[in-house]
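In this note's numbering, the protein residues as written are 5 to 174.
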């Protein structure tokens, strides 16, 4: 049973999240067919590289150590995840827990990346390669994810493409 600290809700909690701002691992999004009603196959491929694995394990270890010092220590009654059964220095168990619980932070980018290489979908003016009249203007064109929230860069992309469309129409 978890007891509360005076003045707090009996189920008060705080969350510490560990994430990689620039992971090396990349996933895939593939269309199953030309039918828009068919859901695509999405394979996020989280923690596929050694560096990503080491980074997430070290980040989790740091977060756990922070919670063991004041001013947090006196407020932490129990570690819910990954849990006391996983030792603070058990890299293998920490990585396994991370693999089993990894999720998106809902800022996908790069699925229609801009560039001239064979994997690029749009050119420098955001025109889709091989499809006349189609432009892509959202975070999917970013070749790599930004270190901050993707909202402002996505707005900037929209503003810039509107200028490009007007220039091309003139």
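Using N, Cα and C, we set each Cβ at its ideal position, and we do this for glycine too.
Cross-strand partners of residue i (DSSP beta bridge)
i: residue 32; result: 47
Extent of the continuous alpha helix (DSSP H) run through residue i
i: residue 58; result: 54 to 70
Residue i, DSSP secondary structure in three states
i: residue 2; result: Here the chain comprises residues numbered 5 to 174, so residue 2 is not present and cannot be evaluated.
i: residue 78; result: helix
i: residue 17; result: coil
i: residue 157; result: helix
i: residue 163; result: helix
i: residue 84; result: coil
i: residue 6; result: Per-residue confidence for residue 6 stands at a pLDDT of 47, beneath the threshold of 50, marking its modelled position as unreliable; the derived number appears in the next sentence. In this structure, residue 6 counts as coil in the three-state DSSP scheme.
Supposed close pair residue i, residue j - CB separation, criterion 8 Å
i: residue 108; j: residue 48; result: 7 Å
i: residue 143; j: residue 96; result: Their Cβ separation, rounded to whole angstroms, is 34 Å, which puts residue 143 and residue 96 out of contact at 8 Å.
i: residue 145; j: residue 135; result: With 8 Å as the limit, residue 145 and residue 135 do not qualify as a contact, their Cβ atoms being about 14 Å apart.
i: residue 61; j: residue 71; result: Not a contact, Cβ separation roughly 16 Å.
i: residue 140; j: residue 133; result: Incorrect: roughly 10 Å between the Cβ atoms, too far for contact.
i: residue 138; j: residue 165; result: That pair is no contact at about 12 Å.
i: residue 147; j: residue 168; result: The pair is not a contact, with the Cβ atoms about 18 Å apart (cut-off 8 Å).
i: residue 102; j: residue 51; result: 6 Å
Whole runs of the beta strand (DSSP E) within the region 89 to 155, excluding any shorter than 3 residues: none
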